[in-house]
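Going from the first sequence to our numbering is simple: count from 1 and add 9.
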Amino acid sequence: MLCEAARMRIATWNVNSVTARLPRLLAWLDSARPDVLCLQELKCTDDAFPTEQVRELGYEVASHGTGRWNGVAILSKAGLDDVVRDLPGQPAYDGAIEPRAIGATCGGVRLWSVYVPNGREPGHAHYDYKLDWLAALNDTVAADTAADPSRPLAVLGDFNIAPTDDDVWDIALFTESTHITEPERKALAALRDTGLADVVPRPLKYDHPYTYWDYRQLAFPKNNGMRIDLVYGDAAVAGAVSDAYVDREERKGKSPSDHAPVVVDLDR
DNA sequence: ATGCCCTATGATATAGGA
10 MLCEAARMRI
20 ATWNVNSVTA
30 RLPRLLAWLD
40 SARPDVLCLQ
50 ELKCTDDAFP
60 TEQVRELGYE
70 VASHGTGRWN
80 GVAILSKAGL
90 DDVVRDLPGQ
100 PAYDGAIEPR
110 AIGATCGGVR
120 LWSVYVPNGR
130 EPGHAHYDYK
140 LDWLAALNDT
150 VAADTAADPS
160 RPLAVLGDFN
170 IAPTDDDVWD
180 IALFTESTHI
190 TEPERKALAA
200 LRDTGLADVV
210 PRPLKYDHPY
220 TYWDYRQLAF
230 PKNNGMRIDL
240 VYGDAAVAGA
250 VSDAYVDREE
260 RKGKSPSDHA
270 PVVVDLDR
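Listed below in structure tokens is the structure:
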């Protein structure tokens, strides 16, 4: 059960640099007014995170960033407790534990903001790292669930996996690529086996709820997109969903991220 | 118009993104 609020809007957004996206981020928070926003690809240190400007809009901030790459955060107007940085048992890459996960409890809901490794290409060390990382995520979800089975839980973020062939604009172009391989999709299936469900958002336009469009080659106007930003919720969360959508408006205009926010409304 | 890649960095290129 959601403890503190009957209604709660949660969202996730890979902003591709929180500094470069700051004007759009602040405007979007002010208009969409999520209770909780999970961010990925901050590309800044915690010291450089625009904490004060986000606070002025009523959000508490827990960020986890080390600089040039990666970085995740949770912004909340519904409380921000029991913050955990990194997954327990998170694998290292090239000797470093990268800032790709942060967990917190907001309004009685356990939430994780995750930026799953890209994988580069099948067979690359980064691809094995991606699968190892997903296994650690699975263990984290299982442990969190075991710790308090009555507490709703959701994982939100950039999973860098298209769950089905329909989640990319042309599957024929992906035969040599990551994001669609069986081991990656099996990792998602394992996550579902822990009791989570893929909360599929509705698109605001066209037939597929893509969340990412490359900056190049007119991908957005052509709707050459991918659904890789996902919300995985347990039965309590999935059962409380009253609406879910991709805010593709945020992919338009001046200086957009290449990802759009995914918004999920919960109503018990 | 949704419009032909973007970001941060010991920066005059490069790594990474997906």
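A virtual CB, placed ideally from N, CA and C, is assigned to each residue, including glycine.
Being a predicted model, the structure only gives us computed values, none of them experimental.
Option nearest residue i by Cα separation, candidates the options
i	options	result
residue 249	32, 132, 275 and 257	275
residue 236	179, 62 and 199	179
residue 82	66, 139 and 45	45
residue 121	103, 145 and 253	145
residue 106	22, 40, 94 and 16	94
residue 218	131, 271 and 32	271
residue 61	84, 224 and 182	84
residue 141	27, 35, 246 and 101	101
residue 4	263, 153, 185 and 168	For residue 4 there is no data in the structure shown, the boundaries of the chain being 10 and 277.
residue 64	214, 74, 34 and 113	34
residue 90	30, 97, 103 and 69	69
residue 190	167, 139, 67 and 110	139
residue 231	260, 41 and 76	260
residue 165	242, 79 and 40	242
residue 192	137, 277 and 78	137
residue 181	116, 233, 238 and 79	233
residue 2	153, 132, 103 and 42	The structure shown does not extend to residue 2, since the chain is modelled only from 10 to 277, so the question has no answer here.
As assigned by DSSP and simplified to three states, the class of residue i
i	result
residue 188	coil
residue 250	strand
residue 120	strand
residue 16	strand
residue 180	helix
residue 174	helix
residue 213	coil
residue 167	strand
Residues that residue i bridges to, as DSSP identifies them
i	result
residue 226	Partner(s): none; residue 226 has no beta bridge.
residue 234	222
residue 111	94 and 122
residue 268	221
residue 205	Per DSSP, none; premise fails for residue 205.
residue 105	102
residue 200	DSSP output for residue 200 lists no bridge partner at all.
residue 274	18 and 252
Whole-Å CB distance - residue i paired with residue j, under 8 Å assumed
i	j	result
residue 119	residue 158	Actually they are not in contact, since the Cβ atoms of residue 119 and residue 158 sit about 11 Å apart, beyond 8 Å.
residue 268	residue 25	7 Å
residue 27	residue 53	6 Å
residue 208	residue 247	6 Å
residue 255	residue 220	5 Å
residue 147	residue 199	5 Å
residue 111	residue 73	4 Å
Q: Return the chain-ordered ranges of every beta strand (DSSP E) run that is complete within the segment 22–102 and spans a minimum of 3 residues.
A: With a minimum length of 3 residues, the continuous beta strand (DSSP E) runs that stay inside the segment 22–102 are 45–49, 69–73, 81–85 and 90–94.
Q.
Please give me, in chain order, every unbroken run of the beta strand (DSSP E) with length at least 3 that falls completely inside the segment 124–151.
A. The qualifying runs do not exist here; there are none.
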